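First the structure, in the form of structure tokens, and then the observations on it.
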Amino acid sequence: AAVVELRRVSKHYQLGDSRIDALRQVSLAIRPGEFVAVWGPSGSGKSTLCNLVGLLDAPSSGQVLFDGTDVATLSDNQRSIARNRSIGFVFQNFNLVPVLSALENVMLPLQIGRAGTRQARAAALRRLDEVGLSTHLAHRPARLSGGQQQRVAIARALIGAPALVVADEPTANLDSSNALRVIALMRRIGHAEGTAFVFSTHDERLLDRVDRRLRMHDGVLVEEGAAAVPPVPAV
Ligand code: ADP
Ligand code: ADP
18 AAVVELRRVS KHYQLGDSRI DALRQVSLAI RPGEFVAVWG PSGSGKSTLC
68 NLVGLLDAPS SGQVLFDGTD VATLSDNQRS IARNRSIGFV FQNFNLVPVL
118 SALENVMLPL QIGRAGTRQA RAAALRRLDE VGLSTHLAHR PARLSGGQQQ
168 RVAIARALIG APALVVADEP TANLDSSNAL RVIALMRRIG HAEGTAFVFS
218 THDERLLDRV DRRLRMHDGV LVEEGAAAVP PVPAV
């Protein structure tokens, strides 16, 4: 069964008198543990697609199914619960809380979800170890490199053991070696834990690391393909 499925999904934006077709009749299914890149030029609809896959936005037409359920049939509250329990998010600008340590940033989603502090701390320690940052627990984001901040953000996205992580341009602010490291890390964790990852990028150099590519052009999913090159071993 798919974690998330889009059936003939279109998304329009109204900008003054003109209508922008950000997505046109896109159909796709993301399976458990799949590591998927959404790629294409700026303005091709990658962010819009990520927002729909992450249940952050509603389609203009077509259906979004999450874990087999049509998201449109859920109440606002049920949709929020599905998103909070089952989806992690990673952002281009890391979006860490500047006044909190790495450890506190990673604990935060569980604490908002009313987990006990001891339980949240144990889970965050495990996640920070998994992303190679056990030695930086007390560091605030400003004292971490971009690559380290994004690894904290990945640990935070994974803290609730989501079925899916959506990452919109997660490597846009990283140099190429950190970009490759972050992608390899996400891929390794996704495959090890059965977490599906969907990330957008305009960087073609990252595409030989994925299980599947969704190429966007002018709001159309023009190509769905497996990686041309065998995936490299995880870092
Ligand atoms: P990408 O992520 O590939 O750069 P986007 O999904 O951000 O593409 O944008 C797709 C199209 O939709 C673009 O033409 C963009 O300008 C437009 N668009 C995106 N968000 C909005 C919005 N909130 N209002 C109006 N137009 C938007
Ligand atoms: P809030 O309304 O407080 O932002 P919700 O969870 O109720 O929180 O909704 C967040 C967003 O989820 C809304 O902008 C809504 O449009 C969007 N959303 C995602 N998928 C759907 C869907 N299939 N049908 C309606 N709304 C959806």
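Number 92 in full-length UniProt numbering belongs to position 75 of the sequence shown; there are no gaps in the numbering. Quick reminder that beta carbons are idealized off the backbone N, C-alpha and C, glycines included. Since this is a predicted model, take the numbers as computed values, not measurements.
Buried versus exposed call for residue i [16 or more other C-beta atoms within 10 Å across all chains shown]
i	result
Gln167	buried
Thr218	buried
Ser57	For clarity, residue 57 is Gly in the given sequence; the question names Ser instead. Under this definition Gly57 is a buried residue.
Asp34	exposed
Ser61	buried
Ala131	Contrary to the premise, residue 131 reads as Arg rather than Ala in this sequence. Exposed, by the Cβ-count rule.
Gln165	buried
His153	buried
Pro76	buried
Val114	exposed
Arg144	buried
Arg160	exposed
Gly85	exposed
Leu32	exposed
residue 303	Within the shown structure, residues of the chain are numbered from 18 to 252, placing residue 303 beyond reach of any answer.
Ala89	exposed
Val116	exposed
Gly133	exposed
Gly236	buried
Glu240	exposed
Glu221	exposed
Ala155	exposed
Arg36	exposed
Arg204	buried
residue 281	The structure shown does not extend to residue 281, since the chain spans only 18 to 252, so no value can be given for it.
Ala18	exposed
Residues sharing a beta bridge with residue i, DSSP
i	result
Arg143	For Arg143, which the question treats as bridged, DSSP gives no partner whatsoever.
Ser78	Ser27
Arg36	Gln31
Leu161	In the DSSP output, where bridge partners are listed per residue, Leu161 has none listed.
Thr86	Phe83
Val21	Ile47 and Phe83
Val53	Val215 and Arg229
Near ligand 1: residue i beta-carbon under 8 Å from a heavy atom
i	result
Thr65	yes
Gly57	yes
Ala189	no
Ser44	no
Leu32	yes
Ser61	yes
Met233	yes
Ala54	no
Gly236	yes
Ser78	no
Asp220	no
Gly200	Residue identity check: residue 200 is Ile in the sequence provided, not Gly. Checking the Cβ of Ile200 against ligand 1 gives no.
Ser27	no
Ile184	Note that residue 184 corresponds to Ala in the displayed sequence, not to Ile. The answer is no for Ala184.
Ile129	no
residue 257	Residue 257 is absent from the structure shown; the chain starts at 18 and stops at 252.
Ile37	yes
Ser217	yes
Closer than 9 Å to chain B by CB, residue i
i	result
Ala196	Of the protein chains in the structure, only one exists, and it is not chain B.
Give the list of continuous beta strand (DSSP E) stretches no shorter than 3 residues that lie fully inside the stretch 91–122.
104–107
Pair every Cβ in the stretch 114–123 with every Cβ in the stretch 154–172, then say whether three or more of these pairs are closer than 8 Å.
With a cut-off of 8 Å, the stretch 154–172 and the stretch 114–123 count as touching, because enough Cβ pairs lie within range.
Would you list, in sequence order, the uninterrupted alpha helix (DSSP H) runs of no fewer than 4 residues that lie entirely inside the stretch 174–241?
193–210
Should the stretch 136–147 be called in touch with the stretch 174–189, which here means at least 3 C-beta pairs below 8 Å?
yes
The stretch 195–202 in contact with the stretch 90–105 per 3-pair CB rule at 8 Å
no
Is it the case that the stretch 40–49 contacts the stretch 18–27, given that we only count it when at least three CB pairs across the two stretches are under 8 Å?
Contact between the stretch 18–27 and the stretch 40–49 is present, with at least three C-beta pairs closer than 8 Å.
If contact is defined by three or more beta carbon pairs under 8 Å, each pair taking one atom from either stretch, is the stretch 182–189 in contact with the stretch 65–75?
A contact exists between the stretch 65–75 and the stretch 182–189.
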